[in-house]
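Read through the structure below, which is laid out as structure tokens, and then see the notes.
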Amino acid sequence: MMKKSNKGAETNGPRPPKQKRKITVRSVANTIAIVFLSLALIGCVSVFFMLSSIISSAPEVTMNSLKGKDSTQLYDDAGNTFSSLGEEQRESVDYEDLPQSLIDAFLAIEDSRYFKHNGFDLPRFISSGINNLTTGSLSQGGSTLTMQAVDNAVFAEMDDNVGSMEKIKRKIQEIWLSMEIENELSKKEIIELYLNKINFGGPARGIQKGSEYYFGKDASQLTLSESAFLAGVINAPNLYNPYSGYSIDENGTATNFYENAVKRRDETLDMMEYHGYISETECALAKSTKLAFQLNGSSGFVSNPYLAYIDQVEKEVKELTGKDMYTTPMRVYTSMNRELQEYYSEMQSGNHINFPDGDSDMQFGSALLNNQTGEIVALLGGRGDAVYAGYRNNRAIENTHQLGSSVKPLIDYVLTFEDLGYATSHIYHDGPRKFGNDPNIIHNASGQWTGDITTSDAVGRSLNGPAIEAMMDVLDKSGQDRIIQHMAAIGYEIPADSFNMNYAIGGEEMISTPLQLAGAYQIFANKGVYIEPHAVKKVELMDGSGDVYETEVKETKVVSEESAWLMSQLLNEATSSRFSNLLQILQSSYPVYAKSGTSDYGEDGLAYNIPAQAMKDKWIAAYTSEYTIATWAGYDSIDYNHYFTVYKMNVNVPGQVNHLMLDKVAEVFGTPAAITRPSGVTQITHVKGKYPYASVPEGTPSDMITTGWINTKYAKLETLSADPLEALQSFKIEETDTDNVYKLSFSAYPDAEKLKPGSHTQQIEFSGGTITGNVFYDPRLLYGEVVYKIDISQNGTVLNSYTYTSENAEQTITGTPGETYNVCGYYSYKNTSEGKSNEICYKVTLPKTSDPGEEETPSNPDQTLPPTNNTDDDD
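Residue numbering for the sequence shown follows the working numbering, beginning at 1 and increasing consecutively.
Structure (structure tokens):
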């Protein structure tokens, strides 16, 4: 018999308490594992699709892009090719022709596991990744030589101003493409392609050109030390270029490029020893080799007369397209004139120019522009191929030096025409000046001062005082920001917090390249319009994309046409024979406008046995109506003989360059005409030295009259009048014991100087003594000095006037005995009654003549007559 089930009872009855399951570590681990594996599976699928997307969008790598077979073509202003960069700056070398030391050096410093990985070195990549996580940057990419070859062929031409995610994407693509290439090419083929394209600095691309550039030899002949240097230099070609010597940047930071190069070579040798490519003895021996004795390549390598110009083209192409024209084939159309560039190159090679005897270190740089277009026509990078090394030492476009007086027309004088309405006949004062708490006096180069001076003479003699006065006048009228903005508009950035009056004379950080200065000066011949200098007109890529880039010419109206023309008149006169400023060399059959400038070492040269205040830089900027040239001469570094003596200054290298080149320009393009005077300029004749300008009164001496040019809207003349004289405080008349003779007493005139006769000279005092300077406007020369005067009148009519040079005098008053006369004393100018002072008057009765036999009344000689209450002679 079956037992009765309890199911119904369990359902209907109360549920017994449920027993809890025990949670174990294994159960938790299993759960986490299941979740993690599920997420990992989902993640792997996501990562797979993400990687697939990144890889599928990777750019194509071709043998042409790896080899750089196509050459960039550069075209001159006539549309003719003047350089094929791939052919001239790159030359392929077979792997078998490369010395083993060179291969070992590159592997040691760049990719020690090169022959073991498949294009991607995972251990090295992980190490770099850990370093990036530690430093919070992506500074280390862990790239193999294969990856670098891909980067040079593809990614180097892309915009590198991207975010971290885009950089990671590109790195993934780089890895993928590197592994693909390793499947297609052998290790030897890849390293051969890499070495034949890499940038070795200056204009050298590829190992063969790098060998020639630095060592003047075939790559197969490289020594261990030379190989180590070349392997190290590619990391930062500009920083490690030993030809660049020594420089100090705008922040005062010094860089010794030769020491950098030696240090980098030694680092490479250490890595070669570390990885077992060379022994400790071989490493020490290679380090002991003087790199300076091995450098022997630049003079033989840099034979291309266009390289100075190509440097500028390279910069502009990079800015315009974001691409390197040495690695990306393109057609570049420039404004270079072949004949003029080759003429510069002849000068650079030692022809045409006379340098100071025995001075092989003096350098120069020059730039030539078209005024109306801003196009760079030709560039001179430096003297002698042996010291010219592309980027750093292209003295036309890279090296900056203090401008000295060459900046004065730009920052001082032209703004007085523009903002203040000055005429070219304006008068300045040349005298000692100090700034703020600085105890030093600003001197002229001559150590002397002139006093009053015309603008023409101030510019022609390049005096500092007038230039400073001009800037101070502009500051008073327009403010500091006006000058800063004006200079920025012509290519010079002046920080507001460092602005001071030394900028007026080209001191402090008023530095420039020849190209900058030529660009600024072109405003004077181009109606006041600044056009940013440019060499490139158009770029066409040769990659089949059809992309074309055209230079956008930037024009800025800086000053009026009238102001530009006024400045040009002064700069034309500066070249005249009445000056001895070294600009006379520029005189030609056509008008030339020019300004020179120098800067000195101050006390900085004393440590090198250079005399205090010795000159270190010499500039001349010159222009015609059509072209502007600016040339610098000086030294790349400070040394005991690196300064201008009087002899070196008179050799006048910048003057020679500018004169020869402007004559060559006239030969090529035709003789230039004078700059056309704008209709808004007129002549103005005024009293010399008086400002605001005043019309010339009748009888003015000829040496107090001048005529200049002025913007018509400012051509206003005031009527000149004598300044009012000080008030007469007292005047007394006393009788004497002689009939009709009276003692006169005036209060002394307060300004004793005005009692002296006028003069065209003045005494200029300074800490070192006193010198005599010019005075052009002395009102005493026109109106006379201040004198003491009396008028004797009766019934409103002045009968007599008497003049005295002293406040005490005696005067006989003639007239009818017994009658009364009005006697008035006052201050006056000797030659005019204009501006005379108030009068103090007395009534004087002349004694009657005694009749015969009449008793005479004795007079009182001490009696002072009482003054009258009016001065109008109305009785």
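Glycine is no exception: its CB is placed at the ideal position from the N, C-alpha and C atoms. The model shown is predicted, which means the values in this text are computed figures rather than measured ones.
Measuring CB to CB, does residue i end up less than 8 Å from residue j?
i    : j    : result
V529 : T556 : yes
G206 : S92  : yes
T719 : Y783 : no
D94  : E192 : yes
K595 : P466 : no
G382 : F355 : no
S747 : Q762 : no
P701 : T624 : no
T144 : S112 : no
G460 : N652 : no
G825 : G431 : no
G286 : S247 : Here residue 286 turns out to be Ala, not Gly, going by the sequence shown. Going by C-beta atoms, A286 is not nearer than 8 Å to S247.
Using 10 angstroms around the beta-carbon of residue i, count the other beta-carbons present and answer buried if the total reaches 16, otherwise exposed.
i    : result
K618 : buried
I610 : buried
G479 : exposed
R392 : Since pLDDT at R392 reaches only 48, below the 50 mark, its modelled position is unreliable, and no value is offered.
P757 : exposed
K789 : buried
K716 : exposed
K171 : buried
E698 : exposed
I23  : Reliability of the predicted coordinates at I23 is poor, the pLDDT of 43 falling under 50, and no value is obtained from them.
R264 : buried
K713 : exposed
Comparing C-alpha positions only, which one of the options sits nearest to residue i?
i    : options                : result
T513 : A633, E273, E166, D218 : A633
T72  : T373, I792, A105, R331 : R331
H443 : I168, L463, E834, G365 : L463
Q402 : Y635, T849, Y114, T738 : Y635
L269 : F257, F229, A254, V696 : F229
N740 : G382, D476, T845       : T845
G491 : N502, Y640, G465, Y521 : Y521
A219 : V668, T803, L98        : L98
N650 : S84, L583, E226, V377  : L583
E532 : G546, N196, G544, L369 : L369
M567 : S588, W449, I130, N711 : N711
L744 : T803, V786, V775       : T803
S360 : S679, Q348, N371, D600 : Q348
V775 : G689, N500, L475       : G689
F115 : G142, S127, T146, L85  : T146
F200 : M165, L239, Q173, T805 : L239
I103 : M501, A231, N800, Q294 : A231
V681 : M704, E561, L725, D452 : E561
Would you list the one or two residues that DSSP bridges to residue i?
i    : result
G825 : I790, I840
L368 : A378, I629
N199 : R205
A286 : Answer is none; A286 lacks a bridge partner.
H443 : BP columns for H443 are empty, so no partner.
I771 : I764
F731 : F746
Y877 : Because the chain spans 1 through 875 in this model, residue 877 falls outside it and cannot be assessed.
M347 : Paired residue(s): none; M347 is not in a bridge.
For residue i and residue j, what's the separation of their Cα atoms in angstroms?
i    : j    : result
E550 : E316 : 11 Å
G768 : E753 : 24 Å
G297 : Y214 : 4 Å
Y326 : L541 : 12 Å
T706 : I620 : 29 Å
E96  : E184 : 20 Å
P817 : E839 : 25 Å
F417 : A423 : 7 Å
Y344 : M661 : 8 Å
L606 : A614 : 10 Å
N822 : K732 : 13 Å
A612 : D600 : 8 Å
E110 : D324 : 22 Å
T455 : L570 : 8 Å
E88  : Q208 : Caution is warranted here: a pLDDT of 47 is assigned to E88, below 50, making its placement in the model unreliable, and no coordinate value can be reported.
L138 : S164 : Only weak support exists for where L138 lies, its pLDDT of 49 falling under 50; the value from the coordinates is given anyway. The alpha-carbon atoms of L138 and S164 are separated by roughly 8 Å.
So is residue i in contact with chain D if we call contact Cβ pairs under 8 Å?
i    : result
G634 : This model lacks chain D altogether; it includes just one protein chain.
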